[in-house]
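So in the UniProt record's numbering, the last spot in the sequence shown is 604, and the numbers never skip. Glycine included, every Cβ here is placed at the ideal spot set by N, Cα and C. Everything on this sheet refers to the single structure shown next.
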Amino acid sequence: MEKNRQISERKSNELVWAGSLIERIEKIDDPAVRYKDSRPITDIKHMIETSAELYNDNPAFRYKPDNNSPYKTITYREMLADVNGLGTALIDNGLKGKRIAVIGENSYQWSVSYLAAVCGTGTVVPFDKELSSDELKNLVIRADVECVIFSDKYQEIFKEIKTEGDTKLKILVNFSLKEKQEEIFSWTEMKEAGKKMIQAGDRRFLDAEINNEEMGILLFTSGTTGASKGVMLSHKNIAADLMAAPTVLAVHTWDIFFSVLPLHHTYECTCGFLMPLYKGASIAYCQGLKYITKNLQEVKPTMFLGVPLIFESLYRTIWKNIRKQGKEKLLKKVIKLNSATKKIGMDLGKIFFKQITDVFGGRMRMMICGGAAINPDVLNGLRDFGIPAVQGYGLTECAPMGALNPDTAPDPASIGKPLPGFEMKVVDINDEGIGELCLRGENVMLGYYMMPEETSEVIDEDGWFHTGDLGYMNDKGYAFITGRKKNVIITKNGKNVYPEEIEYLLSNISFVQESFVFGQDSADAQDTVIVAAIKLDDEVVNEILGEDYDTEAVKKLVWEEIDKINEASPAFRKIRKVIIRKTDFVKNTSNKLIRFAADNKKED
């Protein structure tokens, strides 16, 4: 009785918290906080159950059973039934309160497995699908994982890890199996068995209570500067983001989110998976990067979450095709004309650029870039074509949203404003007005798993999370990123050089595909040399120089553009050495450049 009373009291307090957060947001006097229709949710289980009740037979997921099939839909009602069935079966197999890992390509099975694990069974541990078998085993050990649910390609890896016997791994579940094979469970069989248990009166999963302040999700960061950390997130962290974000950027029940980024990333998981489910929208899974254009035509989505690499690549490809057709000058004139008509309230982009908007399916109403800073010229360029595009900001440690551009007044150069109801400040501001961005709110993580010292280094005694990102805020409340604290190049003269700022300038050069700026000692060790390693876009270089060019012609072309950048830069920030690379830079599984990798500083 006492336990039931405590649970009832806790759930009541959780509802009060959710209601008070929404009330705080509704009282904010800022035109950017425009959509004040969020509903209170205490946790992810509460979210999917109320969404299934509200949106019942609306489509929740759109997926392809195989490469040659058309997209099929799964309703909210069907989704909840599948989650409840799988969750019940997981509990029946002794996994209540245990760590359950999920790994595989973006799919309906991945999403249901995540929800079944986190909504009443135990703690979900999303694994990066690009990790090696040794790295996966290390995470199984570190996270005390007892069950892994996976797509078919990982079966042998986890079968071997389990057989070796030096982990807690007990149960393996394969998305693809039609029936159980030896010790490997069939995902479909488990789900259906759980549904039968529910019909027979089993309510262990249905009645499972969630404590929204305890760890529900354990995520391991990919890291660009060292070993991964386990980020402990609670249901409260996720619920806070879900209630706050759509008050500045509208999400409708008729929206279709195009899912391209890996689901194990918090950006895609929270914003591209849980957010649409919270708002009654639907999610369409892309079959892979090489199928983006094809799937966009089939799905005709309205929302597209991406990272700079994807958006910059799409934007660059559009202009390449325009140049091939000899229409570059004409298109620039049309863009200029449309910019003029916008000022009198007439946006003719969708008429002038229908051929381009059709590439994105013809219904795209918002593209949201996260994961890293993007060249604002790309966002402006997409908007010129009639496709609204904004930038947001977040970290895994903030579940992940920290700031977002309002769709009513986006600033393409900014990461946006702090989410309503949360706080942002800049500390340790230097002479240039740049300091470290700090965030505080209910979305900040519980801490790093088994790393109390590292946790105390980033979350201070007042609850502020020190992001490690450098930047500033303007008088309108918009935040701007200048670089990472760990990436700053401090010259021998004590000057700060932010490599990301120089990389942005390099990204504006038409034939530069990617760049990496770093510092190294001069030959006499008395000075710091700013070095730019550059990967060229061979196709654009060919267009400029013709096919029969030599190394010296390429160097001359590169230095002509570098000199233009240097002319506008103070002496300590000038690029004094260039490395022209033929191979791609070394990156992590999130496709972010690894700055400490020695190979990235070498000539090919």
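Taking three-plus beta-carbon pairs below 8 Å as touching, is the segment 214-223 in contact with the segment 125-135?
Taking 8 Å as the limit for Cβ pairs, the verdict is that the segment 125-135 does touch the segment 214-223.
Would you please state the rounded distance, in angstroms, between the beta carbons of residue 532 and residue 515? I believe it to be under 8 Å.
Taking the first residue of the sequence shown as position 1, residue 532 is located at position 532. Taking the first residue of the sequence shown as position 1, residue 515 is located at position 515. 6 Å between Cβ atoms; contact.
Could you say if the segment 453-468 and the segment 387-400 meet the contact criterion of at least three C-beta pairs nearer than 8 Å?
Judged by Cβ distances under 8 Å, the segment 453-468 makes contact with the segment 387-400, as three or more pairs qualify.
So, does the segment 180-190 touch the segment 54-71, judging by three or more C-beta pairs under 8 Å?
Too few Cβ pairs lie closer than 8 Å, so no.
Quick check: what's the CA-CA separation for residue 75 versus residue 284?
To locate residue 75, count along the sequence shown from 1; it is residue 75. To locate residue 284, count along the sequence shown from 1; it is residue 284. Going from the Cα of residue 75 to the Cα of residue 284 covers about 12 Å.
Given that a residue counts as buried once 16 or more other Cβ atoms are within 10 Å of its Cβ, and exposed if not, what is residue 31?
Numbered from 1 along the sequence shown, position 31 holds the residue referred to as residue 31. Residue 31 comes out exposed.
Taking only the alpha-carbon atoms, compute the straight-line gap between residue 383 and residue 321 and give it to the nearest angstrom.
In the sequence shown, residue 383 corresponds to position 383, counting from 1. In the sequence shown, residue 321 corresponds to position 321, counting from 1. In a straight line, the C-alpha of residue 383 is about 18 Å away from that of residue 321.
Sort out for me which residues DSSP pairs residue 472 with in a bridge.
As a first step, residue 472 must be located in the sequence shown, where it is residue number 472. According to DSSP, residue 472 bridges with 480.
Please state whether the Cβ-Cβ distance between residue 296 and residue 251 is less than 8 Å.
Position 296 of the sequence shown, counted from the start, is the residue given in the question as residue 296. Position 251 of the sequence shown, counted from the start, is the residue given in the question as residue 251. Their beta carbons are not under 8 Å apart, which means residue 296 does not touch residue 251 by this criterion.
On the three-state DSSP scale, how would you describe residue 199?
The count along the sequence shown starts at 1 and reaches residue 199 at position 199. Helix, per DSSP.
How many Å lie between residue 325 and residue 356 at the Cα?
As a first step, residue 325 must be located in the sequence shown, where it is residue number 325. As a first step, residue 356 must be located in the sequence shown, where it is residue number 356. About 13 Å.
Which residue or residues does DSSP assign as beta-bridge partners of residue 391?
Your numbering for residue 391 matches position 391 in the sequence shown. The partner list for residue 391 (beta bridge, DSSP) reads 369.
For residue 104, tell me which candidate among 208, 59, 121, 152 has the shortest Cα-Cα distance.
For the purposes of this step, residue 104 is taken as residue 104 along the sequence shown, with counting starting at 1. Checking every option, the nearest Cα to that of residue 104 belongs to 152.
Do residue 554 and residue 540 have their C-beta atoms closer together than 8 Å?
Your numbering for residue 554 matches position 554 in the sequence shown. Your numbering for residue 540 matches position 540 in the sequence shown. Cβ atoms of residue 554 and residue 540: not closer than 8 Å.
Consult DSSP for residue 204 and reduce its assignment to one of helix, strand or coil.
Counted from its first residue, the sequence shown places residue 204 at position 204. Three-state result, residue 204: coil.
Could you pull out every unbroken alpha helix (DSSP H) segment of at least 4 residues lying fully inside the segment 51-126, listed in chain order?
Those alpha helix (DSSP H) runs which fall completely within the segment 51-126 and span 4+ residues are 76-92, 108-116.
For the putative contact between residue 79 and residue 52, defined by C-beta atoms under 8 Å, what is the C-beta separation to the nearest angstrom?
For the purposes of this step, residue 79 is taken as the residue at position 79 of the sequence shown. For the purposes of this step, residue 52 is taken as the residue at position 52 of the sequence shown. Yes, they are in contact, since the Cβ atoms of residue 79 and residue 52 sit about 7 Å apart, within 8 Å.
How long is the line joining the alpha carbons of residue 593 and residue 586, rounded to whole angstroms?
Position 593 of the sequence shown, counting from 1, holds the residue named residue 593. Position 586 of the sequence shown, counting from 1, holds the residue named residue 586. Looking at the two C-alpha atoms, the distance is approximately 6 Å.
Going by DSSP, name the residue or residues bridged to residue 577.
Residue 577 sits at position 577 when you count from the first residue of the sequence shown. Partner(s): 531.
In chain order, what residues of the same chain lie with their CB nearer than 8 Å to the CB of residue 605, ignoring the 5 residues before and after it?
Beyond the ends of the chain as shown, which are 1 and 604, falls residue 605; an answer cannot be given.
For residue 523 and residue 327, I'd like the C-alpha separation in whole angstroms.
Counted from its first residue, the sequence shown places residue 523 at position 523. Counted from its first residue, the sequence shown places residue 327 at position 327. Cα to Cα, residue 523 sits roughly 48 Å from residue 327.
Quick one: complete alpha helix (DSSP H) runs, 4+ long, within the segment 137-224?
List check, alpha helix (DSSP H) in window: 155-164, 187-199.
Is it buried or exposed, residue 112, if we count other Cβ atoms within 10 angstroms and call 16 or more buried?
The residue you call residue 112 lines up with position 112 of the sequence shown. Burial call: buried.
Mind checking residue 206: buried by the 16 CB within 10 Å criterion, or exposed?
The residue you call residue 206 lines up with position 206 of the sequence shown. It is exposed - the Cβ of residue 206 has fewer than 16 other Cβ atoms within 10 Å.
Should residue 341 be labelled buried (16 or more other beta-carbon atoms within 10 Å of its own) or exposed?
Within the sequence shown, residue 341 is the residue found at index 341, counting from 1. So residue 341 counts as exposed.
Give me the Cα-Cα distance between residue 226 and residue 260, rounded to the nearest whole angstrom.
Position 226 of the sequence shown holds residue 226. Position 260 of the sequence shown holds residue 260. Here residue 226 scores only 47 on pLDDT, less than 50, and its place in the model is too uncertain to base an answer on.
Closer than 6 Å by C-beta to residue 106: which residues in its own chain qualify, once you throw out the five before and the five after it? Chain order, please.
Reading the sequence shown from its first residue, position 106 is the one you call residue 106. Only 259, 263, 285 meet the Cβ criterion.
DSSP three-state label for residue 449, please.
Counting from 1 along the sequence shown, the entry for residue 449 is found at position 449. Of the three classes helix, strand and coil, the one that applies to residue 449 here is coil, per DSSP.
What residues in its chain sit with their C-beta under 7 Å from that of residue 403, if we drop five residues either side in the sequence?
As a working note, residue 403 is residue 403 in the sequence shown. So the qualifying residues of the chain are 392, 393, 415, 416, 417, 418, 419, 424, 479.
Looking at C-alpha atoms only, which residue of 577, 565, 545 is the closest neighbour of residue 529?
On the sequence shown, residue 529 is found 529 positions in, with the first residue counted as 1. With distances taken between Cα atoms, residue 529 lies closest to 577.
Where does residue 234 sit, in a helix, a strand or coil, going by DSSP?
For the purposes of this step, residue 234 is identified with residue 234 of the sequence shown, where counting begins at 1. Three-state DSSP puts residue 234 in a strand.
If you run the structure through DSSP and keep just helix, strand and coil, what is residue 282?
If you number the sequence shown from 1, residue 282 lands on position 282. It is a strand residue.
Does the beta-carbon distance from residue 270 to residue 367 come in below 8 Å?
Here the question's residue 270 lines up with position 270 in the sequence shown. Here the question's residue 367 lines up with position 367 in the sequence shown. Their beta carbons are not under 8 Å apart, which means residue 270 does not touch residue 367 by this criterion.
Thinking just about the alpha-carbon of each residue, which of 339, 310, 602 is nearest to the one in residue 371?
Counting from one through the sequence shown, the residue named residue 371 turns up at place 371. Nearest of 339, 310, 602 to residue 371, Cα basis: 310.
Three or more beta-carbon pairs under 8 Å between the segment 483-503 and the segment 563-581, yes or no?
Taking 8 Å as the limit for Cβ pairs, the verdict is that the segment 563-581 does touch the segment 483-503.
Quick one: what's got a C-beta closer than 7 Å to residue 265's C-beta in the same chain, skipping five residues either side?
Taking the sequence shown and counting its residues from 1, the one referred to as residue 265 is at position 265. The residues are 590.
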